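In what follows, a single structure is set out as structure tokens and then discussed.
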Amino acid sequence: MSTTRTESPVRPPARTYSRWASLIVLCAGALMTILDGSIVTVAMPAIQNDLGFSRAGLAWVVNAYLIPFGGLLLLVGRLGDLLGRKRMFTAGLAVFTAASVLCGTANSQALLIAARAVQGAGGAMASAVVLGMLVALFPEPREQARAIAVFSAVGSVGATLGTFLGGALTQLLSWHWIFLINLPIGVVAWPAALRILAPERGTGLRDGADYPGAALVTGALMLTVYVIVGSGGRGTPATLLLTALALTLFAAFALRQARTARPLLRPRLFRSRLLTGANCMQILMIATMYGFQFIGALYLQRVLGYDELTTGFAFLPAPVAIGVLMMSLSARAIGRFGPHRVLLAGLVLITGGMALLSRAPAHGSYVTDVLPPMLLLAAGFAAAMPPLTGLAMSGAREEDAGLASGLFNTTQVVGGSLGLAVLSTLAASRTDGLLARGAELIPATADGYRLAFRVATVVALAALVLAATALRSRKS
């Protein structure tokens, strides 16, 4: 008599996913989109000469990216909650990388602008859900502070490093390489994200698939970004008309969210004082820092006479200082003093740095007039950004993390675009007025930049006051 033995199937061990490896993948994806925000600026003259852009048409190399990027962040952040944040992030990486190749090989104005629009959409998909994924990976406060510090350091270094890389690649190779540099990053990051990031299921489209609301808010945000970045090329009546249309779309969206059973943007999100206050404060702080990054670069080139490559080298101390301070001190400072106190200290440094820049003379020196305020601003941003990010995300529930992440990225875009538009317009108006009265070019230009820096100082001070009042918490 024989006995048949049946073996029970052996289940493979559950796969474990490294949180810190996941953080590296998220940082790599974010680095591409952040680099692209600043790397293009220095290459604009070369792009204009090669493809024959008019002065007005050249602005669309930037606008074609910013409008879909800023307009889609809120929508794709919410879709990340519904469909799965990993799915949204990896799709965004693929779209952004493919569009970067199209940008780098573009041989006509139309192709470059179209590819930049697709690149902006991919950038929004990859960026909107990153913070939500990060806080889910690191729920423990101390580890979360370290992870946010690392992520913020990569983003801050990437934003400033883009100015240097844009000048170096354009001058040593060609403008095409400012886009093609994304290809090796994307080729490595995309398959790594598929393998390393833990799979997750979203809540499903039935839990908030408000398509009319999505159309209203996306249209409103795109129109808002368009009004901000393109205000210099239109008359006042057209700008006011477009602003009124954007406000009408926002009002219709708010009404829709109040009445629908499954809103895209849950009203409870804005009942969080931390989340609302942090996003409002971020608009002011990012507007100030963009004033430093772009107006400061113009001061070096048009007043001190630096070329693109030298300007890039002149800005290198900022990302180095930001990276070192965020990586080595940020998490420990937050753990010891609390996020609120560290945030306030950072804003004090930012305000002081902008105040020093507002004294920059026509015949200034980099060592005495630019480097000291640059280091103050870098130290202030390194101190302020990680606790601000943590405070904003702590005000959202887990199921709303993608939406909160998209909202935080949206206010970054709005703050940067608004700061750049307002400060550059003020500087140009002051310079034109002085030139009309017979002033010399360099002193008039320097005076215009000083005005922009003074206004940025007031904006930074307003951010400090808002943080001191609206973001105070019992835990800090």
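For the sequence shown, the tail end lands on 485 under my numbering, and the numbers increase by one without skipping. For glycine and all other residues, C-beta sits at the position ideal for the given N, C-alpha and C. This structure is a prediction, so every number in the text was calculated from the model and none was measured.
So, with DSSP's three-state summary, where would you put residue i?
| i | result |
| --- | --- |
| Glu149 | coil |
| Ser367 | coil |
| Asp316 | coil |
| Asn116 | coil |
| Leu174 | helix |
| Ala270 | coil |
| Met10 | Caution applies to Met10, whose pLDDT of 45 falls short of 50 and renders its modelled position unreliable; the model cannot decide the point. |
| Arg210 | coil |
| Trp186 | helix |
| Val49 | helix |
| Val379 | helix |
| His372 | coil |
Output needed for residue i: all residues of its chain with C-beta closer than 6 Å, excluding positions within five of it in sequence on either side, in chain order.
| i | result |
| --- | --- |
| Ala393 | Leu352, Gly355, Leu356 |
| Ser47 | Ala168, Gly171, Thr172 |
| Val425 | Note on residue identity: the sequence assigns Gly, not Val, to residue 425. Closer than 6 Å at the Cβ level, and outside the excluded window around Gly425, lie Ile295, Tyr299. |
| Leu358 | Leu385, Ala388, Gly389 |
Using only alpha-carbon positions, find the residue among the options that is nearest to residue i.
| i | options | result |
| --- | --- | --- |
| Val226 | Pro272, Gly164, Ala154 | Pro272 |
| Arg459 | Ser367, Met336, Ala260 | Ser367 |
| Ala108 | Pro381, Ile187, Glu209, Gln266 | Ile187 |
| Ala364 | Phe301, Thr106, Thr320 | Phe301 |
| Leu312 | Leu397, Tyr375, Phe78, Arg280 | Before going on, a small fix: residue 312 reads as Val here, not Leu. When each option's Cα is compared against that of Val312, the closest is Tyr375. |
| Ala52 | Gly171, Met336, Val236, Phe346 | Gly171 |
| Leu176 | Leu120, Tyr220, Ile56 | Contrary to the premise, residue 176 reads as Gly rather than Leu in this sequence. For Gly176, the nearest C-alpha among the options comes from Ile56. |
| Gly89 | Val139, Ala37, Arg280, Trp199 | Val139 |
| Phe98 | Arg341, Gly228, Leu35, Thr320 | Leu35 |
| Glu209 | Ser63, Arg94, Pro77, Pro193 | Arg94 |
| Ser161 | Leu435, Gly305, Gly332, Gly314 | Gly332 |
| Leu206 | Gly132, Leu32, Asp378 | Leu32 |
Is any beta-carbon of chain B found at less than 8 Å from that of residue i?
| i | result |
| --- | --- |
| Leu178 | Checking the listed chains, one finds no chain B in this structure; it contains a single protein chain. |
Where does residue i land, buried or exposed, given buried means 16+ other C-beta within 10 angstroms?
| i | result |
| --- | --- |
| Glu149 | exposed |
| Leu264 | exposed |
| Phe322 | exposed |
| His185 | buried |
| Val197 | exposed |
| Ser27 | exposed |
| Thr50 | buried |
| Leu182 | exposed |
| Ser337 | exposed |
Enumerate in chain order the residues of its own chain whose CB-to-CB distance from residue i is below 8 Å, with the five nearest sequence positions on each side excluded.
| i | result |
| --- | --- |
| Cys289 | Thr420, Leu475, Ala479 |
| Ala330 | Leu384, Ala387, Ala388, Ala391 |
For residue i, which residues from the same chain have a beta carbon less than 7 Å from its beta carbon, with the 5 sequence-adjacent residues on both sides left out?
| i | result |
| --- | --- |
| Gln153 | Val144, Phe147, Gly399 |
| Leu232 | Leu251, Leu254, Ala255, Leu258 |
| Ala371 | Val312, Ile451, Pro452, Ala455 |
| Ala130 | Pro77, Leu81, Val104 |
| Val163 | Cys36, Ala39, Leu40 |
Just to confirm, does residue i get its C-beta within under 7 Å of one of the non-hydrogen atoms of the ligand ZN?
| i | result |
| --- | --- |
| Ala135 | As presented, the structure is devoid of all ligands, the ligand ZN included, so that no description of it is given. |
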